[in-house]
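*Asks:* Quick one: the structure is below, questions incoming.
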């Protein structure tokens, strides 16, 4: 939870201690209400930009038709703002676990949360706050991107690919593939 400290302590050492403790801003008293509102607004906008950046890194696929990727870029506030080291570690850990377990048809967001060491609801809230997407959506998109890679290899059978990426049945695979890439796996 982002915290803005408002205090009567004005020394630089107090400010440094407050920021090192995890506060996102340190404001000395007295403060004007418009200044406080502006600082809150700026912090919220920065959080949205970071979420859009992570969304671009996690969700966008080189296999999606160009017009859909361009539309997604036009609808978001992309930036190269840095993530906190804890958030970057969380995202990297998330990506590593998905890459390791995506072939398991029983692998879902709940299993992922337990592997990360968080409750399902806390994991979902954190991931959603960072990316504006659900963990299940990312897992599905990752699987579909892997399916495209396999389809590009010669001699691959669509039924086998669906099984390899964790789909127990073929019809959900076809529907998800068509929705994401605007074509069937056979096309």
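Numbering (our numbering), first residue to last: 65 to 251.
Just so it is clear, CB atoms sit at the ideal spot from N, CA and C, and this is done for glycine as well.
Please go through the same chain and pick out, in chain order, the residues whose beta-carbon is closer than 6 Å to the beta-carbon of residue 173, but skip the five residues on each side of it.
*Replies:* Along the chain shown, read from residue 1 onward, the residue named residue 173 stands at position 109. Result list for residue 173: 199, 200, in chain order.
*Asks:* When you compare the CB positions of residue 68 and residue 87, do they come within less than 9 Å of one another, or not?
*Replies:* As a first step, residue 68 is located in the chain shown; it is residue number 4 there, counting from the start. As a first step, residue 87 is located in the chain shown; it is residue number 23 there, counting from the start. Yes.
*Asks:* Rounding to the nearest angstrom, what Cα-Cα distance links residue 162 and residue 204 in this structure?
*Replies:* Residue numbering aside, residue 162 sits at position 98 when the chain shown is read from its first letter. Residue numbering aside, residue 204 sits at position 140 when the chain shown is read from its first letter. Rounded to the nearest angstrom, the two C-alpha atoms are 10 Å apart.
*Asks:* How many angstroms separate the CA atom of residue 202 from the CA atom of residue 73?
*Replies:* On the chain shown, residue 202 is found 138 positions in, with the first residue counted as 1. On the chain shown, residue 73 is found 9 positions in, with the first residue counted as 1. Rounded to whole angstroms, residue 202 to residue 73 spans 45 Å at the Cα level.
*Asks:* Taking all protein chains shown into account, decide if residue 150 is buried (16 or more other Cβ within 10 angstroms of its Cβ) or exposed.
*Replies:* The residue given as residue 150 occupies position 86 in the chain shown. Exposed, by the Cβ-count rule.
*Asks:* Which residues in the same chain as residue 259 place their Cβ atom closer than 7 Å to its Cβ, once the five residues preceding and following it in sequence are excluded?
*Replies:* Residue 259 lies beyond the range of the chain shown here (65 to 251); nothing can be said about it.
*Asks:* Quick check: what's the CA-CA separation for residue 226 versus residue 237?
*Replies:* Locating residue 226 in the chain shown gives position 162, counting from the first residue. Locating residue 237 in the chain shown gives position 173, counting from the first residue. In a straight line, the C-alpha of residue 226 is about 6 Å away from that of residue 237.
*Asks:* Kindly say whether residue 161, judged by its beta-carbon, lies nearer than 9 Å to any beta-carbon of chain D.
*Replies:* No chain D is present in this structure, which holds just one protein chain.
*Asks:* In the DSSP output, which residue or residues are listed as bridge partners for residue 117?
*Replies:* Locating residue 117 in the chain shown gives position 53, where the first residue counts as 1. According to DSSP, residue 117 bridges with nothing at all.
*Asks:* Rounded to a whole number of angstroms, what is the C-alpha to C-alpha distance between residue 183 and residue 177?
*Replies:* Locating residue 183 in the chain shown gives position 119, counting from the first residue. Locating residue 177 in the chain shown gives position 113, counting from the first residue. If you take the alpha carbons of residue 183 and residue 177, they lie about 6 Å apart.
*Asks:* Using CA atoms only, rank isn't needed, just tell me which of 221, 118, 231 is closest to residue 170.
*Replies:* Position 106 of the chain shown holds residue 170. Checked all of 221, 118, 231; the closest Cα to residue 170 is 231.
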